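Engineer: Following this message is one structure expressed as structure tokens.
2 protein chains.
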Amino acid sequence: MFEKVLIAEDHESTNISVQKTLGDLAITQYDYVYYCDDALLRISKSVLAQQPYQLLITDISFEEDHREQKLKNGIELIMKVKAVDPTIKVIVFSAEDRPNIIEGLFKDQGIDAYVRKARHDAKELKLAIETISKGKKHLANQLRQGVKEKNLHEFTTLDITILTLLSQGVLQKDIPLYLQKNNIKPSGLSTIEKRLSHMKEMLEFSKNEQLIVFCKDLGII
Amino acid sequence: MFEKVLIAEDHESTNISVQKTLGDLAITQYDYVYYCDDALLRISKSVLAQQPYQLLITDISFEEDHREQKLKNGIELIMKVKAVDPTIKVIVFSAEDRPNIIEGLFKDQGIDAYVRKARHDAKELKLAIETISKGKKHLANQLRQGVKEKNLHEFTTLDITILTLLSQGVLQKDIPLYLQKNNIKPSGLSTIEKRLSHMKEMLEFSKNEQLIVFCKDLGII
DNA sequence: TTATAAATTACGGGAAACCGTAAAACGGAG
DNA sequence: CTCCGTTTTACGGTTTCCCGTAATTTATAA
């Protein structure tokens, strides 16, 4: 079992609860912080002191407040932490439920477990800690089903750019200009029209408005 | 101070944390549930047994799962509870940060306090409980500023209907048909065009797509 | 009831978006 | 370099949307 753990979670109530979970697992040597910057600082120090944390439990979204922070969210934190100590295990404990985002955490950030804040999250977190301490990965239950369904359409960077511009009020006919200014290669109006109608066809939508809300819900834009 | 309290919160971790807060306030007689239906049941029973709960601490959004529930969220719960026992005090403890929604809780549901899940939420919850036990209302700090800014445009039910239909893929020119079928009075195409352009003018938007994402973020649709 | 104001709807010209087709540019393989 | 296939762009007709004006209906008060 882990001997030295760090909790990074801005919500005080959740932070308290995670502390209690560690207590239930008889892990006494842990620290907790409310800001990503503090988390990175503690981990850096622990590595230098040759007493590294073995596990980081962190949230993804951290709210901004009066204290100016370098690291804006858990993803940035994980990347910096992994650079300092690639051996540290990471559990993300978050309310995020959009499959693409969670998938990205495993794929891009190389996290060891994802526990979603939900009905049995305390028990699930406990289980995740136990599983990882044995050297395994832990994928949250509700994710397994989520991952397989979608994939109706793979959004390219161009697609996302187009949708973002539309949602910012740029006229379709003016999008080519924006793309050229930013040196994005396919920039013809026809291409944009084609992409949009293709996306709608794949997802069986009829209007851009539908596409926008769909991507909003999925966290694509 | 309150002597008998009920916690309704589906997230186990948050539920645990609220329990701990009550413990810190030396409130020993409390119960906790993970479903709205259970909460209403307990409160109804306590009233019949002439030992009513004095305070309900509840979340707003409850996730659906295998257990079929009558009450889908905290708002429905509060309404039912108030019908059974109008004297009970209510604290909403939620991550909701959209001012219109929070405002509605005070105005329509007559809640006594709103504590947002955030950095110092445990301390804030503690304070709210203390304040209310003295017979006062408690408005979360971060709300006060939020309430005054917006109000750039007051969305009518018609507005919301139009935006909802658009986001579902209904063509603008077909909206009059939908409105007539549901006996919604202004149903002319011109009126719809006018509402849309008026909304966009007020909010300084140029496209429907912008309007949609804006309303999504505000929780209007 | 009638006069007046407000809201709703009808209409029409112009802009933007949609959609199919064809032309042009690009990218290997031989 | 040429050929071939793919991607990108250009173009034109049609639909939908936008927006101003005018007509109509509804509401309100004298």
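These protein sequences, in sequence, are chains E and B.
Per the working numbering, the first sequence runs over residues 1 to 221.
Per the working numbering, the second sequence runs over residues 1001 to 1221.
Ideal placement from N, C-alpha and C gives every residue a C-beta, glycine not left out.
Treat the numbers as computed from the prediction; the structure is a model and nothing was measured.
With a threshold of 8 Å on Cβ separation, who are the neighbours of E/ASP217 within its own chain once the five nearest residues in sequence on each side are excluded?
Structural biologist: Correct list, in chain order: ARG98.
Engineer: Evaluate contact between the segment 1039-1049 of chain B and the segment 1124-1133 of chain B, counting only Cβ atoms and requiring at least three cross-stretch pairs below 8 Å.
Structural biologist: Segments in contact, no.
Engineer: Leaving out five residues on either side along the sequence, give the residues of the same chain with a beta carbon under 7 Å from the beta carbon of E/ILE221.
Structural biologist: So the list reads ILE160, LEU163, THR164, SER167, CYS215, once near-sequence residues are dropped.
Engineer: Runs of 3 residues minimum, wholly inside the segment 1057-1140 of chain B: which ones carry the beta strand (DSSP E) assignment?
Structural biologist: As far as the segment 1057-1140 of chain B is concerned, its whole beta strand (DSSP E) runs of at least 3 residues are 1089-1094, 1113-1116.
Engineer: Excluding the five sequence neighbours on either side, which residues of its own chain have a C-beta within less than 6 Å of the C-beta of E/ASP112, listed in chain order?
Structural biologist: Taken in chain order, the residues that qualify are LYS89, VAL90, ILE132, LYS137.
Engineer: Can you confirm whether B/THR1014, when its beta carbon is compared against all beta carbons of chain E, has any partner nearer than 7 Å?
Structural biologist: True, the Cβ-Cβ gap to chain E drops below 7 Å.
Engineer: Tell me which same chain residues have a C-beta within less than 8 Å of the C-beta of E/VAL18, skipping the five on either side of it?
Structural biologist: The answer, listed in chain order, is ILE7, GLU9, TYR32, ILE57, PHE93, LEU125.
Engineer: Among E/GLY110, E/HIS66, E/GLY104, E/SER61, which one has its Cα closest to the Cα of E/VAL81?
Structural biologist: The residue with the shortest Cα to Cα distance from E/VAL81 is E/GLY110.
Engineer: Considering only DSSP beta bridges, list what B/LEU1055 is partnered with.
Structural biologist: Answer is B/VAL1005, B/LYS1089.
Engineer: Could you tell me whether the Cβ of E/GLU209 comes closer than 7 Å to any Cβ of chain B?
Structural biologist: Yes, contact with chain B.
Engineer: Chain E partners of B/ASP1010, CB-CB under 8 Å?
Structural biologist: Under the 8 Å cutoff, chain E gives ALA118, ARG119.
Engineer: At a Cβ cut of 7 Å, what residues of the segment 35-69 of chain E count as close to chain B, listed as they run along the chain?
Structural biologist: Those would be GLU63, ASP65, in chain order.
Engineer: Quick one: what does DSSP say E/TYR178 is sitting in, helix, strand or coil?
Structural biologist: Three-state DSSP puts E/TYR178 in a helix.
Engineer: Could you give the residue range of the beta strand (DSSP E) that holds B/ASP1010?
Structural biologist: Here B/ASP1010 belongs to no beta strand (DSSP E), and DSSP marks it neither H nor E.
Engineer: Buried or exposed for B/ALA1026, going by 16 or more other Cβ atoms inside 10 Å?
Structural biologist: Classification of B/ALA1026: exposed, given that the 10 Å Cβ count is below 16.
Engineer: Going by C-alpha to C-alpha distance, which of B/GLN1029, B/ASP1037, B/ILE1075, B/PHE1062 sits closest to B/LEU1055?
Structural biologist: Among B/GLN1029, B/ASP1037, B/ILE1075, B/PHE1062, the Cα nearest to that of B/LEU1055 is on B/GLN1029.
Engineer: So E/LEU189 and E/LYS200 are in contact, right, with Cβ under 8 Å, and what is the actual spacing, rounded?
Structural biologist: About 17 Å separates the two Cβ atoms, so there is no contact after all.
Engineer: Exposed or buried, which one is B/GLY1074 when buried takes at least 16 other CB atoms within 10 Å?
Structural biologist: Buried: at least 16 other Cβ atoms inside 10 Å.
Engineer: Less than 7 Å between CB atoms is the rule here; does E/GLY74 satisfy it with respect to chain B?
Structural biologist: Chain B, which has no Cβ nearer than 7 Å to the Cβ of E/GLY74, makes this no.
Engineer: Considering only residues of the same chain and omitting the five flanking positions on each side of B/ILE1212, which have a CB-CB separation below 6 Å?
Structural biologist: Excluding sequence neighbours, B/ILE1212 sits near SER1167.
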